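Enquirer: As they're listed, the protein sequences go chains Z and Y.
With this note's numbering, letter number 364 in the first sequence gets 1165, and the count goes up by one each step, no holes.
With this note's numbering, letter number 8 in the second sequence gets 153, and the count goes up by one each step, no holes.
Provided herewith is a single structure, encoded as structure tokens, for subsequent inquiry.
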Amino acid sequence: MRSIRIRLLATLALGLTALLIGTAVFLDSLTRHWFYAEFDAHLAAGARGLTSMVEHEQEGVEFAPDPHELAQFEGADPPDYFQIWHSDGEELRRSALVDGFELPRIVGTFESPAYRAETLPSGCHVRMVGIQFLPQIDDEYEGEPPSDSMRSAVQLVLARDTRDLVAAIQSFRQVIGVVFITALAAGGIGMSLVVKHGLRPLKRISDQLGRLNEERLSQRIVMDRVPAEVAPIVDTLNALLERLESVFVRERAFSSDVAHELRTPLAGLHTTLEVALSKPRESAEYRVAMDDCLAICRQMESMVETLLLVARLESDQEAVCAQRVVLSDLMKECWETLGSDADRRDLRVSWQLARSTAVETDPGKIRIVLNNLYDNAISHTDEHGTISIQSHINTKSFTLQINNAASAVSPEQADRVFDRFWQADPARNSTGRHFGLGLGLCKRIVERLGGSIHVRCNDGQFQVRVDLPQGQVGR
Amino acid sequence: MRILVIEDYKPIRQSVVKGLREQGYAVDEAADGTEGQWLAVSGEYDVIILDLMLPEVDGFSILQKVRSESRNTSVLILTARDEVENRVRGLDMGADDYLVKPFAFEELLARVRTLVRRKYDSKCPTIRIADMVIDTTHQSVKRNGEFIELTAREFALLEYLALRMGEVVSRTDIWEHVYDFNSNATSNVVDVYIGYLRRKIERSGRPKLIHTRRGQGYVLGDTP
Chain Z
802 MRSIRIRLLA TLALGLTALL IGTAVFLDSL TRHWFYAEFD AHLAAGARGL TSMVEHEQEG
862 VEFAPDPHEL AQFEGADPPD YFQIWHSDGE ELRRSALVDG FELPRIVGTF ESPAYRAETL
922 PSGCHVRMVG IQFLPQIDDE YEGEPPSDSM RSAVQLVLAR DTRDLVAAIQ SFRQVIGVVF
982 ITALAAGGIG MSLVVKHGLR PLKRISDQLG RLNEERLSQR IVMDRVPAEV APIVDTLNAL
1042 LERLESVFVR ERAFSSDVAH ELRTPLAGLH TTLEVALSKP RESAEYRVAM DDCLAICRQM
1102 ESMVETLLLV ARLESDQEAV CAQRVVLSDL MKECWETLGS DADRRDLRVS WQLARSTAVE
1162 TDPGKIRIVL NNLYDNAISH TDEHGTISIQ SHINTKSFTL QINNAASAVS PEQADRVFDR
1222 FWQADPARNS TGRHFGLGLG LCKRIVERLG GSIHVRCNDG QFQVRVDLPQ GQVGR
Chain Y
146 MRILVIEDYK PIRQSVVKGL REQGYAVDEA ADGTEGQWLA VSGEYDVIIL DLMLPEVDGF
206 SILQKVRSES RNTSVLILTA RDEVENRVRG LDMGADDYLV KPFAFEELLA RVRTLVRRKY
266 DSKCPTIRIA DMVIDTTHQS VKRNGEFIEL TAREFALLEY LALRMGEVVS RTDIWEHVYD
326 FNSNATSNVV DVYIGYLRRK IERSGRPKLI HTRRGQGYVL GDTP
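This is how it looks when you write it as structure tokens:
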């Protein structure tokens, strides 16, 4: 499993290491350059000092050092190397150490000397500076001193052992190395603490989520001072928990309702069979008991089928078989099978149907919707009341509307009619036909067909309105 | 014993009523709350079997009405709702027992027998009067160790007299507790059945146990 903490730490460690290495390389380069510049400056200063020991005298150019000054070069530790030439290449002077080899003649000006690193035959690494200059006129020169153009230039090369320079650079590098390692370790600890602190809100969310289970879904993730980056996660998780809780509550209620609704017919079946078997009877009596049991089984079958259809619709497993249907004709056709029930209750029916235009929809499902709506209207319309059945059609939709007088249903109850197992009268209908599933089933079917269903209840009038799309079926 | 069954689900109501009648109980029935409540407060029932979810008037309201009228009828709630709060509410409102659907009819019968005994302050299912033993569970009667065959109605009459042993039981009481509304009975049916009982339990010169109190009724006991 990939860990954000480890990834963050690895990334930060890599970044820090790269930064430190870059800094170290830069510092090393800078200090090396600085050390060499300093070294070269001192070397150039030494070379310029040597130039002052070369003078243009009456006899010509002479190297006339002050022994004390010369000792600064030849007696230094380590001693310097130098060699001086006339402009024609004739050697004027060399230091005692330049023995058996020649220093390379590198030529720079007094103001801008030339530098070079070299390894002498002795294996000694040196840094050398070369200057070509006009020697000074001796103070004791008699007569008119020669002009600059009359004087010949002298070339001087001074070489100095770089052992101390290399040692100093090496020491500085060691300091950088120690600083690098210390900074890396401190940075690692610091980053670990920072990452841990930064991820603490996620840890708290994780801990709170870990304590949740199906019994504690009513709890929400609560955090003080939620970081802006984490707030959307907390909001999303809380919204998810709310949805989960409502689904759990609904499913629990559903299971309980199913169990409850099945208990009554099961009790009927149980008691009927038990009483029938409690003593020997005539075959006609057994037949009556078996007919009763069969009726109960059919009722339970009907309920289970309805529940399965609802479940299939909810999980989008119920296919839509669309075809061109004249809905007004279908509305009339469905009424024919239930109309006799309305007659028995002495109900009046008023029809107001749209012209016979075909709509593309699933007739089997529309039939289920119509049967349920008609059955509800017939069962719940007040005695001797009127059921008004209307349909309208326009370019976009087909609307069917059923109104009936139902004084037993309150406007508040209208909001609950689509809940599973909800019934206006909580008592079981003695016919066993109404389980409180019909309108919920209608809603799911209509939505599956891409339409909508609405219920209103005002002044004792119960109204159901179904809008179905024209020309397109299914979601 | 006379029982009222208030249950809107027809298959259960029909079977329970039939089973109880076959056990010798006088049974009236109601399919909705309104009729059930009217019967419960106007009839002399030993036990009312009451469903909670009823059309028009619910079971709790009927129970409340029965108890508010100080009726000493035992009430057995019969419902599909098995939540603890429903049971507690029913029992707290004065129900004597609670049975959840689906149930075994044998259990319903046993509970009804218990409620009947409780109503007449009798804890033992066997009643002894002199040399007669009445087993209310198995509905059998023995006298001096010998079984006596009785019809369900005869047994119901004997059981009612036995539960009120030593008391003078009027013909009206017998009529109200042993016969239901559907009984096709004439005015002297009580006397006729008392005659049948006497012939069966007092035959062969056995001592008389059913004594007539002229103008008052009958007393069951070994002394007149």
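Ideal Cβ positions, reconstructed from N, Cα and C, are used throughout, including at glycine.
Keep in mind that this is a model prediction, so the values were computed, not measured.
How big is the Cα-Cα spacing for valine 927 (chain Z) and alanine 897 (chain Z)?
Expert: Here the question's residue 927 (chain Z) lines up with position 126 in the first sequence. Here the question's residue 897 (chain Z) lines up with position 96 in the first sequence. Near 16 Å, if we compare the C-alpha coordinates of alanine 897 (chain Z) and valine 927 (chain Z).
Enquirer: Compile a chain-ordered list of the residues in the region 1062-1078 of chain Z whose CB is closer than 9 Å to at least one CB of chain Y.
Expert: Of all residues in the region 1062-1078 of chain Z, Glu1062, Leu1063, Arg1064, Thr1065, Pro1066, Leu1067, Ala1068, Gly1069, Leu1070, His1071, Thr1072, Thr1073, Leu1074, Glu1075, Val1076 and Ala1077 have a Cβ within less than 9 Å of some Cβ in chain Y.
Enquirer: For threonine 832 (chain Z), which of Z:Leu871, Z:Pro880 and Z:Val967 has the nearest alpha-carbon?
Expert: Working through the first sequence from its first residue, we reach residue 832 (chain Z) at position 31. The option with the nearest alpha carbon to threonine 832 (chain Z) is Z:Val967.
Enquirer: Is it the case that the Cβ atoms of cysteine 1094 (chain Z) and threonine 1073 (chain Z) are separated by a distance below 8 Å?
Expert: Within the first sequence, the letter at position 293 stands for residue 1094 (chain Z). Within the first sequence, the letter at position 272 stands for residue 1073 (chain Z). Yes, the Cβ-Cβ distance between cysteine 1094 (chain Z) and threonine 1073 (chain Z) is below 8 Å.
Enquirer: By how many angstroms is the C-alpha of leucine 208 (chain Y) removed from the C-alpha of valine 1267 (chain Z)?
Expert: Translated into the one-based positions of the first sequence, residue 1267 (chain Z) becomes position 466. Translated into the one-based positions of the second sequence, residue 208 (chain Y) becomes position 63. Between valine 1267 (chain Z) and leucine 208 (chain Y), the C-alpha separation is close to 43 Å.
Enquirer: Using a beta-carbon distance below 8 Å, is aspartate 1176 (chain Z) in contact with chain Y?
Expert: Here the question's residue 1176 (chain Z) lines up with position 375 in the first sequence. No - not a single Cβ of chain Y is within 8 Å of the one on aspartate 1176 (chain Z).
Enquirer: Looking at the unbroken alpha helix (DSSP H) that takes in glycine 924 (chain Z), where does it start and where does it end?
Expert: On the first sequence, residue 924 (chain Z) is found 123 positions in, with the first residue counted as 1. Counting along the chain, glycine 924 (chain Z) falls outside any alpha helix (DSSP H), and DSSP gives it neither H nor E.
Enquirer: Would you give the residue range spanned by the beta strand (DSSP E) that asparagine 1205 (chain Z) belongs to?
Expert: What you label residue 1205 (chain Z) is simply residue 404 of the first sequence in a count that begins at 1. Taken as a continuous stretch (DSSP letters only), the beta strand (DSSP E) holding asparagine 1205 (chain Z) covers 1198-1206.
Enquirer: Taking CB distances under 8 Å as the criterion, tell me whether glutamate 299 (chain Y) reaches chain Z.
Expert: The sequence position of residue 299 (chain Y) within the second sequence is 154, counting from 1. So, not an interface residue.
Enquirer: Within 10 angstroms of the Cβ of arginine 1044 (chain Z), are there 16 or more other Cβ atoms? Answer buried if so, exposed if not.
Expert: Taking the first residue of the first sequence as 1, we reach residue 1044 (chain Z) at position 243. So arginine 1044 (chain Z) ends up on the exposed side.
Enquirer: Specify the secondary structure class of aspartate 1163 (chain Z) as computed by DSSP and reduced to three states.
Expert: Here residue 1163 (chain Z) refers to the residue found at position 362 when the first sequence is read from its first residue. Aspartate 1163 (chain Z): coil per DSSP, three-state reduction.
Enquirer: Mind checking if lysine 163 (chain Y) is an interface residue toward chain Z, Cβ cutoff 8 Å exclusive?
Expert: Along the second sequence, one-based indexing puts residue 163 (chain Y) at 18. For lysine 163 (chain Y), the answer is yes, since a Cβ of chain Z falls inside 8 Å of its Cβ.
Enquirer: Cβ of phenylalanine 883 (chain Z) within 8 Å of Cβ of alanine 811 (chain Z)?
Expert: If you number the first sequence from 1, residue 883 (chain Z) lands on position 82. If you number the first sequence from 1, residue 811 (chain Z) lands on position 10. No, the pair does not count as a contact, with Cβ atoms beyond the cut-off.
Enquirer: Thinking C-alpha only, which one of Z:Gly1011, Z:Val1035 and Z:Glu1015 is nearest proline 1002 (chain Z)?
Expert: Your numbering for residue 1002 (chain Z) matches position 201 in the first sequence. Answer by Cα proximity: Z:Val1035.
Enquirer: Are the beta-carbon atoms belonging to valine 162 (chain Y) and glutamate 174 (chain Y) less than 8 Å from one another?
Expert: Counting from 1 along the second sequence, the entry for residue 162 (chain Y) is found at position 17. Counting from 1 along the second sequence, the entry for residue 174 (chain Y) is found at position 29. In contact: valine 162 (chain Y) and glutamate 174 (chain Y) (Cβ atoms closer than 8 Å).
Enquirer: Could you list which residues in chain Y have their beta carbon closer than 9 Å to that of aspartate 1355 (chain Z), in chain order?
Expert: Absent from the structure is residue 1355 (chain Z), since the part of chain Z shown begins at 802 and ends at 1276.
Enquirer: When the Cβ atoms of the region 857-866 of chain Z are set against those of the region 933-949 of chain Z, are three or more pairs found closer than 8 Å?
Expert: As far as the Cβ criterion goes, the region 857-866 of chain Z touches the region 933-949 of chain Z, which means the pair count is three or higher.
Enquirer: If you measure between the beta carbons of serine 953 (chain Z) and serine 888 (chain Z), is that distance less than 8 Å?
Expert: Along the first sequence, one-based indexing puts residue 953 (chain Z) at 152. Along the first sequence, one-based indexing puts residue 888 (chain Z) at 87. A contact, by the Cβ cut-off of 8 Å.
Enquirer: Between the region 1147-1167 of chain Z and the region 1116-1133 of chain Z, do three or more beta carbon pairs fall short of 8 Å?
Expert: As far as the Cβ criterion goes, the region 1147-1167 of chain Z touches the region 1116-1133 of chain Z, which means the pair count is three or higher.
Enquirer: How would you call asparagine 765 (chain Z), buried or exposed, if buried means at least 16 neighbouring beta carbons within 10 angstroms?
Expert: Residue coverage of chain Z in this structure runs from 802 to 1276, which leaves residue 765 (chain Z) outside it and unanswerable.
Enquirer: Quick one: grab the DSSP three-state call for cysteine 269 (chain Y).
Expert: Locating residue 269 (chain Y) in the second sequence gives position 124, counting from the first residue. Three-state DSSP puts cysteine 269 (chain Y) in coil, outside helix and strand.
Enquirer: Let me make sure I understand the geometry here. Which of Y:Arg344, Y:Leu197 and Y:Val364 has the alpha-carbon closest to that of tyrosine 243 (chain Y)?
Expert: Residue numbering aside, residue 243 (chain Y) sits at position 98 when the second sequence is read from its first letter. It is Y:Leu197.
Enquirer: Taking the C-alpha atoms as reference points, what is the distance between proline 200 (chain Y) and threonine 1182 (chain Z)?
Expert: To locate residue 200 (chain Y), count along the second sequence from 1; it is residue 55. To locate residue 1182 (chain Z), count along the first sequence from 1; it is residue 381. Rounded to the nearest angstrom, the two C-alpha atoms are 16 Å apart.
Enquirer: Flag this pair as yes or no: are the beta carbons of tyrosine 305 (chain Y) and valine 323 (chain Y) separated by less than 8 Å?
Expert: Translated into positions along the second sequence, residue 305 (chain Y) becomes position 160. Translated into positions along the second sequence, residue 323 (chain Y) becomes position 178. Yes, the pair counts as a contact, with Cβ atoms nearer than the cut-off.
Enquirer: Residues in the same chain with beta-carbon distance under 7 Å from arginine 288 (chain Y), minus the five sequence neighbours each way, listed in chain order, please.
Expert: Locating residue 288 (chain Y) in the second sequence gives position 143, counting from the first residue. Cβ within range, chain order: Asp276, Met277, Ile346 and Arg351.
Enquirer: Work out the CA separation of glutamine 1100 (chain Z) and asparagine 1230 (chain Z) for me, nearest whole Å.
Expert: The residue labelled residue 1230 (chain Z) in the question sits at position 429 within the first sequence. The residue labelled residue 1100 (chain Z) in the question sits at position 299 within the first sequence. Unreliable placement is indicated for asparagine 1230 (chain Z), whose pLDDT of 46 sits below 50; no coordinate value is reported for it.
Enquirer: Kindly indicate which residue of Z:Asp881, Z:Glu892, Z:Phe840 and Z:Gly823 has the alpha-carbon position closest to the one of glutamate 863 (chain Z).
Expert: Sequence index remark: in the first sequence, residue 863 (chain Z) carries index 62 (1-based). Looking at the Cα atoms, Z:Glu892 is the closest of the given residues.
Enquirer: Which residue or residues does DSSP assign as beta-bridge partners of proline 1270 (chain Z)?
Expert: Taking the first residue of the first sequence as position 1, residue 1270 (chain Z) is located at position 469. According to DSSP, which records beta bridges pairwise, proline 1270 (chain Z) is partnered with Z:Ser1198.
Enquirer: Using a 10 Å radius around the Cβ and a threshold of 16 neighbouring Cβ atoms, would you call threonine 1065 (chain Z) buried or exposed?
Expert: Here residue 1065 (chain Z) is taken as the residue at index 264 of the first sequence, counted from 1. By the neighbour-count rule (16 or more Cβ atoms within 10 Å), threonine 1065 (chain Z) is buried.
Enquirer: By how many angstroms is the C-alpha of serine 1103 (chain Z) removed from the C-alpha of arginine 216 (chain Y)?
Expert: As a first step, residue 216 (chain Y) must be located in the second sequence, where it is residue number 71. As a first step, residue 1103 (chain Z) must be located in the first sequence, where it is residue number 302. Their Cα atoms are separated by approximately 42 Å.
Enquirer: Hey, is alanine 225 (chain Y)'s beta-carbon within less than 8 Å of any beta-carbon in chain Z?
Expert: Here the question's residue 225 (chain Y) lines up with position 80 in the second sequence. Answer yes: the Cβ-Cβ gap between alanine 225 (chain Y) and chain Z drops below 8 Å somewhere.
Enquirer: Who are the near neighbours of threonine 282 (chain Y) in its chain, counting only those whose CB is closer than 6 Å to its CB and skipping five residues on each side?
Expert: Counting from 1 along the second sequence, the entry for residue 282 (chain Y) is found at position 137. Answer for threonine 282 (chain Y): Pro270, listed in chain order.
Enquirer: If you reduce the DSSP assignment to three classes, tell me which class arginine 808 (chain Z) lands in.
Expert: In the first sequence, residue 808 (chain Z) corresponds to position 7, counting from 1. Helix.
Enquirer: Please look up how many angstroms separate the CB atoms of leucine 817 (chain Z) and leucine 985 (chain Z), rounded, as I've assumed it's under 8 Å.
Expert: The residue labelled residue 817 (chain Z) in the question sits at position 16 within the first sequence. The residue labelled residue 985 (chain Z) in the question sits at position 184 within the first sequence. Contact holds; Cβ gap of about 7 Å.
Enquirer: By the 7 Å beta-carbon criterion, what residues does the region 1092-1115 of chain Z contribute toward chain Y?
Expert: Answer set for the region 1092-1115 of chain Z: Asp1093 and Ile1097.
Enquirer: Excluding the 5 residues flanking phenylalanine 326 (chain Y) on each side, which residues of the same chain have their C-beta closer than 7 Å to its C-beta?
Expert: Within the second sequence, numbered from 1, the residue matching residue 326 (chain Y) stands at position 181. Excluding positions up to five away in sequence, the list reads Asp173.
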